[in-house]
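Following the working numbering, the numbering of the sequence shown begins with 51 at its first residue and continues without gaps.
These notes are about the structure you will find just below.
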Amino acid sequence: MPLELAPLTADDVDAYMAIRQAAFGDSVFRILFSRRPDGPSPEVYAQIRDSVRDQIATDKHVFFLKVTDTDTSEIIAGAKWKVFRTEKEVLEELELPSPTPDSDPECWNAFMKLLSDAKRERMALSPYWMLDALSTHPAHHRRGAGAMLIRWGLVRADEEGVETYLEASAMGQPLYERYGFRPVRTLRFDFGEFGGEGVQEFQV
Numbered sequence: 051m052p053l054e055l056a057p058l059t060a061d062d063v064d065a066y067m068a069i070r071q072a073a074f075g076d077s078v079f080r081i082l083f084s085r086r087p088d089g090p091s092p093e094v095y096a097q098i099r100d101s102v103r104d105q106i107a108t109d110k111h112v113f114f115l116k117v118t119d120t121d122t123s124e125i126i127a128g129a130k131w132k133v134f135r136t137e138k139e140v141l142e143e144l145e146l147p148s149p150t151p152d153s154d155p156e157c158w159n160a161f162m163k164l165l166s167d168a169k170r171e172r173m174a175l176s177p178y179w180m181l182d183a184l185s186t187h188p189a190h191h192r193r194g195a196g197a198m199l200i201r202w203g204l205v206r207a208d209e210e211g212v213e214t215y216l217e218a219s220a221m222g223q224p225l226y227e228r229y230g231f232r233p234v235r236t237l238r239f240d241f242g243e244f245g246g247e248g249v250q251e252f253q254v
């Protein structure tokens, strides 16, 4: 069952979002993006979908990727890499994104500030590539799709001679360390204050 890496297209976005929901649906991402027990509302889903499509079409600093099982033509994994080459781009990345209408704004803003402050402390104003999101459908773990998506960005960062950055959950950390990432700081956030499962740790 050969796997193929390619850019994500606008037509692939629904499949990409379904993979992210399958991979992260019961994690802290549900708390961040939606307070609804059944996930984002149709309106918020459409908003996120349209945002991804817009980034694919217009943002030259964002790269959405997919891994497809060529035997079945099924997309089994996806990722989003971002690159910041100028001081202006680095500073724009540190601005806090607006919460979705389904989010708990207090939770969203506190968590996003935690991530932004850690990024500012570690990267300062240096150029870098960032693995912003990576998800593999749970039915297709351990097939090498995640590794393909990671290597894509590492090659480009090496070509430009700049560092790479990511925020890793405990589940993803072993994979990232296998490809040379090393944690420099542990972030802790108490999602229990917002109806989640208590304190969660993330490595940067």
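Ideal Cβ positions, reconstructed from N, Cα and C, are used throughout, including at glycine.
(message) Residues in the same chain with beta-carbon distance under 6 Å from residue 143, minus the five sequence neighbours each way, listed in chain order, please.
(response) 134
(request) Give the range of the beta strand (DSSP E) segment to which residue 181 is assigned. (result) 178–186
(message) Using the three-state DSSP reduction, which class does residue 227 fall into: helix, strand or coil?
(response) helix
(request) Report the partner residues of residue 249 according to the DSSP bridge assignment. (result) 240
(message) Quick check on residue 128: does DSSP put it in helix, strand or coil?
(response) strand
(message) Can you confirm whether the segment 152–168 touches the segment 200–214 when touching is taken to mean that 3 or more C-beta pairs between the two stretches lie within less than 8 Å?
(response) no
(message) Let me make sure I understand the geometry here. Which of 103, 149, 254 and 250 has the alpha-carbon closest to that of residue 59?
(response) 103
(request) Assign residue 90 to buried or exposed, taking buried as 16 or more other Cβ atoms, counted over all protein chains shown, within 10 Å of its Cβ. (result) buried
(request) Would you decide whether residue 63 is buried or exposed? Buried here means 16 or more other CB atoms lie within 10 Å of its CB. (result) buried
(request) Measure the beta-carbon distance from residue 199 to residue 117 and round it to whole angstroms, keeping in mind my assumption that it falls under 8 Å. (result) 6 Å
(request) May I ask you to verify whether the segment 150–159 touches the segment 218–232, counting CB pairs closer than 8 Å and requiring at least 3? (result) no
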